[in-house]
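Undergrad: Quick note: the sequence shown uses numbering that gives the first Met the number 0, first residue 0, plus one each step.
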Amino acid sequence: MLLLALVGCQGMPREGGPAAREFRWRDLAKSDIDLVAEVTLRQHRTYLRELADKLYRRNPAQLRRGVGDREEALRQILGRPGRGLLAQWHERRGARLVELALSTGFEGDRVAAFVYGLRSMAVAAYGSEDEFFLSDEYDPQKIYHLARNLEIAAWRLRAARDASGRALLLSVGIDAGGEVNASYERLFGKLIALHDHFAQVVADSTHRRIKNVIQGVASAVFFPL
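#1: Which ranges would you report for the alpha helix (DSSP H) in the region 30–97 if only whole runs of at least 4 residues count?
#2: Could you spell out the range, first to last residue, of the alpha helix (DSSP H) harbouring residue 118?
#3: What separation, rounded to the nearest whole angstrom, lies between the Cα atoms of residue 64 and residue 118?
#4: From the DSSP output, which residues share a beta bridge with residue 166?
#5: With H, G and I counted as helix, E and B as strand and the rest as coil, what does DSSP make of residue 220?
#6: Please state if the CB of residue 46 and the CB of residue 190 are separated by a distance shorter than 8 Å.
#7: Please confirm if the region 201–211 is in contact with the region 154–161, defined as three or more CB-CB distances below 8 Å between the two stretches.
#8: Could you give the residue range of the alpha helix (DSSP H) that holds residue 201?
#9: According to the neighbour-count rule (16 or more other Cβ atoms, all chains shown, within 10 Å of its Cβ), is residue 196 buried or exposed?
#10: Buried or exposed, going by whether 16 or more other CB atoms sit within 10 Å of the CB of residue 104?
#11: Would you say the region 135–154 touches the region 57–77, given that touching needs at least three Cβ pairs under 8 Å?
#12: Distance, Cα to Cα, residue 3 vs residue 135?
#13: In terms of alpha-carbon separation, which member of 213, 193, 88, 131 lies closest to residue 113?
#14: Relative to the C-alpha of residue 215, which candidate in 147, 99, 44 has its C-alpha closest?
Here you go:
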């Protein structure tokens, strides 16, 4: 179970992180790396919930453009979105939904669209977000690209402005004490490290190489997943 130990060392919180579940007989049809993938994506959703909650608290007006209630919005973003949100998204997922969320003409709930876009990016990179079995395969290059897409999304969140220069979604800012609020950067850093680590675990276990990409996030485009 070395791989599980490796993921445990990647900074997953011992408190407030994904709860451990009991052994099930179908777990016998899973490899160590399948179990690591499940833990990774549970942690991914935990971080996304924290991100969505923080964004709603800083941008409460977005709730009025969506389902109206913060807890219900979080439930739909991390579970099954309702018809109202789906109608706003026009069947977009992943990077296309993130781009919609940060477009000046979008009149829907930007927080819901942005965070669900990040969630569906991970589904595309891993092939699922629930359970994995011996028959499942993982593409370390695709998961590496997911991490790069998260970097691009984090930059676009900070940079997106309307015609008058106001942020489309408030995130990074100065607190009452004059200190820069870096909590969003830390949270995105955890998300990025989570998938970079798993991509390397897969590459090492399958003897595959990851082609590293160097590009400036300001001009970068999302990688297809």
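Glycine included, each C-beta is placed from N, C-alpha and C at the ideal position.
TA: In short, the structure shows the following:
#1: 31–57, 60–63, 69–77, 82–88
#2: 109–125
#3: 20 Å
#4: 160
#5: coil
#6: yes
#7: no
#8: 182–205
#9: buried
#10: exposed
#11: no
#12: In this prediction, residue 3 scores a pLDDT of 45, lower than 50, which makes its location untrustworthy; no coordinate-derived value is stated.
#13: 88
#14: 147
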